[in-house]
Amino acid sequence: AVFAIAFAANPSYRGVEYSVRLLAGVAIVDVARRMDSAAVRRVCIVLAAAGAIESVLAVAQSIHGRGFALYPIDHDGGLLAFGDTHAGRGGFAHPYHLTVFLLLALFAALIGGRSSTGRELRLWVGTTSFLGAGIAVTFSRAMILGLVPAAVLWCLARRDRIGRSARPIVGALFLGLACTSLLFADGWTTRARQSAGSGADRGRVTLAEHGLGIAADHPFAGIGPARYVIAVAEESLPEVELLPPHNIIVQAAAELGAAGGVIVALAGLWFARRLLRRPVLLIGGAGLLVPFLLLDAYPYVFPAGLAISALWIGLLENPTVREHAS
Numbered sequence: 198a199v200f201a202i203a204f205a206a207n208p209s210y211r212g213v214e215y216s217v218r219l220l221a222g223v224a225i226v227d228v229a230r231r232m233d234s235a236a237v238r239r240v241c242i243v244l245a246a247a248g249a250i251e252s253v254l255a256v257a258q259s260i261h262g263r264g265f266a267l268y269p270i271d272h273d274g275g276l277l278a279f280g281d282t283h284a285g286r287g288g289f290a291h292p293y294h295l296t297v298f299l300l301l302a303l304f305a306a307l308i309g310g311r312s313s314t315g316r317e318l319r320l321w322v323g324t325t326s327f328l329g330a331g332i333a334v335t336f337s338r339a340m341i342l343g344l345v346p347a348a349v350l351w352c353l354a355r356r357d358r359i360g361r362s363a364r365p366i367v368g369a370l371f372l373g374l375a376c377t378s379l380l381f382a383d384g385w386t387t388r389a390r391q392s393a394g395s396g397a398d399r400g401r402v403t404l405a406e407h408g409l410g411i412a413a414d415h416p417f418a419g420i421g422p423a424r425y426v427i428a429v430a431e432e433s434l435p436e437v438e439l440l441p442p443h444n445i446i447v448q449a450a451a452e453l454g455a456a457g458g459v460i461v462a463l464a465g466l467w468f469a470r471r472l473l474r475r476p477v478l479l480i481g482g483a484g485l486l487v488p489f490l491l492l493d494a495y496p497y498v499f500p501a502g503l504a505i506s507a508l509w510i511g512l513l514e515n516p517t518v519r520e521h522a523s
């Protein structure tokens with residue numbers, strides 16, 4: 198109802214388009230949560246393998262310093278630079294988009310390899326080491342906020358609760374991450390200096406403050422679904438970048454009104470409460486995505502990001518996955 202009111206007050210083609218994307222996301226969640234064990238396993242294998250391939254491409258891009266123009270696998274053009282190092286993005290438009298996908302691939306590897314032994318476990322471990330290498334060249338700080346607590350949770354959990362494969366898989370991920378980070382150390386030292394500087398993350402703070410200002414100016418119906426960047430462009434403020442506010446609650450409040458922001462916040466708390474009663478593997482897997490919902494825009498704004506988030510939620514809600522992870 199809140200979405201409909203906001204759209205009726207501020208109709209736009211972008212709102213219609215975003216509605217279709219949301220419905221597609223709901224369909225993905227429904228399909229993913231209904232998958233049987235064989236389908237879950239196939240999906241996990243595909244996600245982990247695709248993540249490994251994307252990781253190899255991302256590392257190659259970082260070495261090359263730009264894309265390879267291998268459309269549709271890759272796109273031409275420069276890469277984000279951190280110091281003398283370039284952030285690989287694989288087949289995605291931005292390195293942080295790749296980060297989100299690789300973290301989903303890690304979650305899939307942990308699910309798929311939950312009861313693996315011998316040669317099969319070695320395959321999961323080897324694949325995950327590639328994921329770590331790919332994550333390293335995205336230079337994402339939000340990744341650290343999600344991955345480190347999840348890894349600590351998984352490693353401290355009793356073996357009978359997390360499975361015999363979790364620690365080798367997580368260890369392989371960090372080995373790949375550490376080795377590749379050493380090769381591209383200048384990028385990470387640059388990111389560390391940016392984080393420690395007096396103006397650390399001022400850009401995100403400015404985006405969030407502007408989003409809250411828009412929400413305060415339009416408290417009842419917002420500015421309309423998917424119209425945030427359009428509204429910012431119409432203001433023509435040079436000090437504000439043409440970007441979403443990088444916080445799902447702030448964006449909902451700005452586009453749907455105060456009620457939209459409250460509903461999204463309450464929905465997040467409700468989902469978190471449900472997750473706390475789930476197996477440790479799923480709690481950590483959900484935690485991987487949280488920093489990108491609060492500090493980024495990809496998982497809930499971009500079409501591919503919505504699809505990835507929907508698949509993520511579907512796996513978390515799948516009864517077979519819950520039983521397998523117990």
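Taking the numbering used here, I'd label the letters of the sequence shown as residues 198 to 523. Ideal Cβ positions, reconstructed from N, Cα and C, are used throughout, including at glycine.
Work out the CA separation of residue j and residue i for me, nearest whole Å.
i    : j    : result
G419 : A203 : 6 Å
A249 : G481 : 21 Å
F265 : D271 : 6 Å
A375 : E431 : 44 Å
I242 : V518 : 14 Å
I366 : F336 : 21 Å
S313 : L301 : 19 Å
A464 : G511 : 16 Å
P208 : G421 : 7 Å
R211 : G288 : 25 Å
G458 : H407 : 15 Å
I427 : E452 : 11 Å
L473 : L513 : 12 Å
I263 : V498 : The sequence shown places Arg at residue 263, not Ile. Rounded to the nearest angstrom, the two C-alpha atoms are 25 Å apart.
L352 : L344 : For clarity, residue 352 is Cys in the given sequence; the question names Leu instead. One C-alpha to the other measures close to 12 Å.
A330 : Y215 : 33 Å
V213 : A224 : 17 Å
On a CA-only basis, which of the options is nearest residue i? Give me that one, please.
i    : options                : result
A347 : I225, F371, G331       : F371
V256 : A198, A229, V334       : V334
P488 : L320, T296, G310, R238 : T296
I359 : I308, E514, F289, L463 : I308
G502 : P292, S378, W385, R311 : P292
V199 : L513, S506, V498, A449 : A449
L244 : E514, W509, A428       : W509
D383 : G288, V237, T282       : T282
A400 : V217, F417, L490, H443 : Reading off the sequence, residue 400 comes out as Gly, not Ala. Nearest of V217, F417, L490, H443 to G400, Cα basis: H443.
A483 : R390, S506, G285       : S506
V402 : V461, L472, D493, S216 : D493
A221 : E520, P500, R364, L318 : P500
I446 : L439, V437, A456       : A456
L439 : G410, L404, R470       : L404
L479 : L303, G410, G331, A504 : L303
R388 : I460, L409, A284, V349 : A284
S392 : L328, I341, V429       : I341
A462 : L254, L491, F327, V437 : L491
Which word fits residue i, buried or exposed, when buried means at least 16 other C-beta atoms lie within 10 angstroms of its C-beta?
i    : result
G373 : buried
Y268 : exposed
A522 : buried
W467 : exposed
R231 : exposed
G315 : exposed
D414 : exposed
D273 : exposed
H261 : exposed
V322 : buried
S378 : buried
A412 : buried
F417 : exposed
R470 : exposed
S234 : exposed
A369 : buried
R218 : buried
P496 : buried
E251 : buried
P516 : exposed
E349 : Note that residue 349 is Val in the sequence shown here, rather than Glu. The residue is exposed, with fewer than 16 neighbouring Cβ atoms inside 10 Å.
Considering only heavy atoms of the ligand PLP, does any lie closer than 7 Å to the CB of residue i?
i    : result
G400 : The ligand PLP is absent from the structure shown, which contains no ligands of any kind.
Whole-angstrom Cβ separation of residue i and residue j, contact assumed at under 8 Å?
i    : j    : result
T325 : A306 : 5 Å
A354 : V228 : Contact doesn't hold; Cβ gap of about 29 Å is too wide.
R311 : S362 : 6 Å
R286 : L299 : Their Cβ separation, rounded to whole angstroms, is 11 Å, which puts R286 and L299 out of contact at 8 Å.
G280 : T386 : 7 Å
At what residues does the alpha helix (DSSP H) containing residue i begin and finish?
i    : result
L453 : 445-453
S326 : 315-333
Y268 : No alpha helix (DSSP H) contains Y268, which DSSP labels as neither H nor E.
R218 : 210-231
V253 : 234-261
A290 : Element bounds for A290: n/a, residue is neither H nor E.
E431 : 425-432
S337 : Unbroken run through S337: none, as it is neither H nor E.
L374 : 363-380
G511 : 500-514
F489 : 487-492
G484 : 477-484
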